[in-house]
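Worksheet: the structure to be examined is printed underneath.
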Amino acid sequence: MEPRSLVRPAVAVALVAFAFLFIPSIFSLYYVNAWTQVAIWSIVTLGLGVLVGRVGMVSLGQGAVLAMGAWVAARILFATGLPYPVVLLASGLITMVLGTLVGLPALRMSGLYLALITLMLAGAITIVLQNIQFPNGGHGFTGYNGATVHIPPIRRPSIATTDPAFFRYSVIVAVLMFVLVLVHLRGRPGRAWAAIRQSEAAALAGGINTTLYKLWAFALASFITGVAGGLVAGFYHYLNSLTFATSDSITLLAVVLMGGAYSMTGAVVAAFLLKFLQQLLNDWGVSPDWLTILFGIGVLQVLTTAPRGIVEQMPKDIARLARLVRGLFSRPASPQEHES
Amino acid sequence: MPSTTDLEQFLITGLSLGGVYALSGVGMVVLYRATGVLYLAFGAVGAMGALISWQLSHQDGWNIWLSFVAAILFGGLITLVYGMIFGPALAGRDPLVKATATLGLLLILLGVMDLLWPSSGGASRALTIPTDNNTFQVGQISVTYTNVIALALGLLITIVTAAFLRFTKLGTAMRAMANDREITAALGVPVRRVEAAAWFGCGVLSGAAGVLLADLVALDSTSLTFLVIFTLAAALIARLRSIVVTFFAALVIGVIDAEITPINKISNYRDMTPFVLAVIALLVLNRRRVITVGRQGV
Amino acid sequence: MRGTHHRTLRVRLGFVLAAVLAAVLVAACGSSSSSSSSSASSTSSSSAPASSSTSSTTAASTGTASSNTSSCGPKPGVKATGTPINIGTIDTKQPGTDFSDGPNMINAWFSCVNANGGVNGHPMKLFVQYDQTQPAQIAAAAKQLIQTDHVVAIDGVFDLLECTIDQSYWKSLGIYEMGAGIAPECWSTPNSAAVNMGPRYSSDGAVQYGLSQHPSKIVFVQSNVPGTQYIAAGPTALAKAANVPITALTANVPIQDANSLALNLVNSAGSNGWVVLNFTPPEALVILQAAQKLGLEDRVKGWGCSTPCNTDFLAAALGPKWNHKLFVNAELTSPDDHNGPEMQLYKNILHQYGSAVAGGLGSFSEMGYLLGKFLTDALQKVQGPYTMASVNAAIKGIKDEKTELLCQPWVYGDYPLHIPNNADFTTTPDNGKMVTAQGCFNVSSDDPQIAAYRSAAGTAPSTNPPTG
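Taken in sequence, the protein lines are chains V, G and Y.
Quick note: the first sequence uses this note's numbering, first residue 136, plus one each step.
Quick note: the second sequence uses this note's numbering, first residue 15, plus one each step.
Quick note: the third sequence uses this note's numbering, first residue 5, plus one each step.
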């Protein structure tokens, strides 16, 4: 293996380790919480990135999947005393089943119809959640008690009750989810997905069971989003239907496109755009509407000029900038240097 | 169970809302057939038009009908500008990409609307079309002329555009372009002008629908923007192809939604109607496998 | 080839972006941002404490000289120069729900006090943390206020969720917060007291007025947000005690089909029924307007609404068909038809120091005024250093705070729950304005929570005479 191909993963590992160890001591509690959100939502953006970037399926309903995962986790956490990792696994698996059931009929659709049907399903799920509400310690299937005056908080893992500790816990879970996805990408599913993205007809002709692998992608994305939902439940302590808005699924797609649906770093960048910037702007007193506008412009920019997102485009832009600067300081260059 | 008089009354309320969904749905389907773009920002453009109309008539003292014209023109212009910049840029791409790009416009407008017309816990804005004051009785309830206009306009647009697309040269050109832009251009059709007409027409419809919806539903940027999802359901049932089916699907959705209202046990689930119907329609009508041929992916 | 095309597109995109930004800036600076420019809150929960501001732009309408605000502080004209007393607050501010008028008014009060002697020479300083209804944000904001900003008290919380999330933290610190609440915990814990009534008790008041008109049925409808059963429990108890059948409904917000909803309400209530709404003003307006367009407003005996509807804007938007047909519970004295010395002071302070209060005269600024005033009144009595302990002891000790803006004196006290605002007015639209339909009355003890509070704290007598 060439030494260069080890550099990028090594840098990634180093950055994550640095974040894990030092973020709680460098940043105030407010920003530690912001970073926790980045860690949690990077799992969600990773899932959507796999769907969009690797398989070519656009889902406009990942926000609803996250809400489902949070609901399931909250229900289990209130109903049982199971250890947190078990709860995360359970909510991931249940969300995976639900997500796959929901995705199954949609898989026969082509790109646009698939996106629209996921939007419709997300809308339906949102209304169901608005009516059954989120568990708040009550009894019965929904675990919701509308008359309660004192709502108990959703518990966190016993080793990670404080905010800094929960940040570290989230980073670990996120790393595990990234590894899971990486294993998929390097293995047979990854190759099948790449073939499907190239041309589904050709993949079929080549003997690949496209339905199975598309389903697998849905299942994987739903699983990790379900696990992220479990983290959200513990992070927020209190869930209600206001926490998950309709527009969330759309902004999620926007940041995934901007960050780059093709790379794993892109998923983290997307989560940073979505969550960290929001907290930053709030701290500075700038309206979050500017962020919405930025995302809108970002979507247009990415789709028209840089389909691979900021992560791939940024190095190219920086390289171009560097060439420009060099050109300013050096003698009139030979014609080759003026290519861009 | 609700009585027959109840059902009749809710039929009327259902038709009135369905009428406006129909208007929006037809607008979106027309544009899709002409340019291959599913204009998801339809609702957002209409919302901003309605807010502009409110600003002009309630704050700046304009005549209300002139402010409606401004709203409609705004819808037309901004859609035209969007279409002229991003239509060609994305012309060769998958319909999914083109639709996703309109989400970008949606987000921009959503942010701008909230910046320009912010909410501070307190008063609210309302847009009233003067025809609200003229009513006639149907049984025990009165129907405003705005409802009639909404329904009639929807019907009119449906008939006119269906005929236009089928029987006129420009309409045929639009249909051809949706299939393959390059070949159509090669055949000598003034593609850019036809496109411009389609975009502008759709934009005008979105402005009109925005004003009507602001009157019939609420003058609120977020709800008007995402109302497009309900409209989309009707368009999906028609598989984004038939304008006439879109029209009737929208009416059916509106009526079923309204009729469920008095059934208290499921009343709050009635907003699922469009989604459920759209999903069923998509699954039933698309029983055969559909594989995208050619360009794939984002 | 593609590259050049993309570059041209980039340039165009850049122009578009610049144009958009320019337009936005011009619009933002150009628009006089009239106070009535607020839009529907699509996601805010039932009955924001913001019972909506009246639509007048500034308090210039009072015509009085704004100079006479010096009575807000103990030493007129003397600037306070000691070490500041840090007060913190957490408020909701997001697209669709913006409660910043509340803390902005408290700041106005503090500015006045600081210019007129301060609190025993100390200026008051307010640290505001805004949140977007994210629980982790709210919890972190609380910690930031205490650990970074070193506030000694929490006053001025106008927030959808805060009472639920922070109450255990405040309890552990011995902090007694003051605010205008929404979540149930704002009235049901020992560490929180509100100047407003909140959705449940205001709905009680609206239903109580309806019951006094002897209808044969009550239909109570509210927005479908968390806590509906808790809110509905009050009106249900009142109706049961009066032996009147009651149907409690919920409606998803934002409301898509107001026509069907209005029709359903009228059919459920019947011709001798009474419909009571508990919604934010935009949603309530939409329902009532739909009822009017369908010609249904006379199909029931009467209509009621909780306190968010108490705004001249609503009265003006509804039109004359609703005169004396809609009866709104009002938790604060209306600045329109009351003009005693304290009301005058409130208006003057708003005019002189309250330029940041977009809504002008109305509930938010009234509540902000009260929250600022009750705090500084309490702190004037502290002897010795201003620590968290001494300040919160003073807050807990607030009693008998008489004010023209409320029906009864406000009290904190050492009780397991706090519902200090439990008597109110009823108003009704009259040709574009809200006028008093009924003077101060106590909310019925048929609501078990009210009964529990009165057994702990007693029933404060009304200090506000009913107006004609």
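Note that CB positions come from ideal geometry on N, CA and C, so glycine has one too.
1) According to DSSP, is Ser1/Y helix, strand or coil?
2) Can at least three beta-carbon pairs, one atom from the region 71-91 of chain G and one from the region 196-210 of chain G, be found at a separation below 8 Å?
3) Determine the DSSP secondary structure at Tyr391/G, reduced to helix, strand or coil.
4) Examine chain Y for any beta-carbon lying closer than 7 Å to the beta-carbon of Asn344/V, and answer yes or no.
5) Select from the region 231-245 of chain Y all residues with a C-beta closer than 7 Å to any C-beta belonging to chain V, and list them in chain order.
6) Am I right that Gln136/Y and Pro423/V are in contact with their C-beta atoms under 8 Å? What's the rounded C-beta distance?
7) In angstroms, rounded to a whole number, what distance separates the CA positions of Thr62/Y and Phe150/G?
8) For the beta strand (DSSP E) that contains Pro433/Y, what are its first and last residues?
9) Per DSSP, what kind of secondary structure is Cys167/Y in: helix, strand or coil?
10) Would you mind working out which of Ala208/V, Leu181/V, Val179/V and Ala154/V sits nearest Gly365/V, comparing C-alpha positions?
11) Less than 8 Å between C-beta atoms, sequence neighbours within five positions excluded: which residues of the same chain meet that for Gly101/G?
12) Under 8 Å by Cβ, that's how I've got Arg210/V and Gly258/V pegged, so tell me the actual separation to the nearest angstrom.
13) Would you kindly work out how many angstroms separate the C-alpha atoms of Ala225/V and Met255/V, rounded to a whole number?
14) In terms of DSSP beta bridges, what is Phe131/Y paired with?
15) Just mark Val174/G as buried or exposed, buried being the case when its beta carbon has 16 or more other beta carbons within 10 Å.
16) Does Pro285/Y have its Cβ less than 7 Å from a Cβ in chain G?
17) Which residue wins for smallest C-alpha separation from Asp381/Y, given the options Ile399/Y, Gly388/Y and Ser359/Y?
18) Could you give the DSSP three-state label for Ala44/Y: helix, strand or coil?
19) Shortest alpha-carbon distance to Asp341/Y belongs to which of Thr85/Y, Leu409/Y, Trp278/Y and Leu318/Y?
20) So which residues on chain V does Thr114/G lean against when the C-beta distance must stay under 8 Å?
21) So, at 8 Å on beta carbons, what are the nonlocal neighbours of Ile259/Y in its own chain, with the 5 sequence-adjacent residues on each side left out?
22) To the nearest angstrom, how far is it from the Cα of Leu215/Y to the Cα of Ser275/Y?
23) Applying a beta-carbon distance threshold of less than 7 Å, which residues of chain G neighbour Asp424/V?
24) Less than 7 Å between CB atoms is the rule here; does Met203/V satisfy it with respect to chain G?
25) Nearest to Asp229/G by alpha carbon, out of Tyr283/G, Thr158/G and Leu119/G?
26) Mind pulling the chain V residues with CB within less than 8 Å of Pro102/G?
27) Output needed in chain order: residues of the region 270-281 of chain G with a Cβ under 8 Å from some Cβ in chain Y.
28) Are Ala272/G and Thr260/G closer than 7 Å when you measure CB to CB?
29) Judging by CA-CA distance, which residue of His285/V, Val200/V, Val142/V and Gly281/V is the nearest neighbour of Ile260/V?
30) Straight-line CA distance for Arg290/V to Ile267/V?
31) Quick check on DSSP: helix, strand or coil for Ala209/V?
32) Give the residues from the region 225-241 of chain V that approach chain G closer than 9 Å (Cβ to any Cβ), ordered along the chain.
33) Report the start-end ranges of each beta strand (DSSP E) in the region 271-307 of chain Y that is 3 residues or longer and not cut off at the edges.
34) Compare the Cα-Cα distances from Ala115/G to each of Thr440/V, Arg455/V and Arg461/V and report the closest residue.
35) Counting only Cβ pairs nearer than 7 Å, list the residues of chain Y close to Gly281/V.
36) Just to make sure I have the definition right: I need the residues of chain V whose C-beta is within less than 9 Å of the C-beta of Pro109/G. Which are they?
The relevant details are as follows:
1) Beyond the ends of chain Y as shown, which are 5 and 472, falls residue 1/Y; an answer cannot be given.
2) no
3) Outside the modelled stretch of chain G, which goes from 15 to 312, sits residue 391/G, for which no answer is possible.
4) no
5) Gly231, Thr232, Gln233, Tyr234 and Ala237
6) 7 Å
7) Confidence at Thr62/Y is low in this model, with a pLDDT of 35, below 50, so the placement of that residue should be treated as unreliable; the coordinate-derived value is given next. C-alpha separation (whole angstroms): 41 Å.
8) Ala427 to Asp434
9) helix
10) Ala208/V
11) Thr49, Val51, Glu209 and Trp213
12) No, Arg210/V and Gly258/V are not in contact; Cβ-Cβ is about 22 Å, not under 8 Å.
13) 26 Å
14) Gly92/Y
15) exposed
16) yes
17) Ile399/Y
18) Annotation note: pLDDT 31 at Ala44/Y (below 50); position unreliable, no value reported.
19) Leu409/Y
20) Val193, Ala250, Leu388, Leu392, Val434 and Leu438
21) Leu265, Glu287, Val290 and Ile291
22) 15 Å
23) Gly125, Asp128 and Leu129
24) no
25) Thr158/G
26) Chain V residues near Pro102/G: none, gap ~10 Å exceeds 8 Å.
27) Asp271, Ala272, Thr275, Pro276, Asn278 and Ser281
28) no
29) Val200/V
30) 21 Å
31) helix
32) Pro240 and Ala241
33) 277-282
34) Thr440/V
35) Gly231, Thr232, Gln233 and Tyr234
36) Ser245, Gly246 and Leu247
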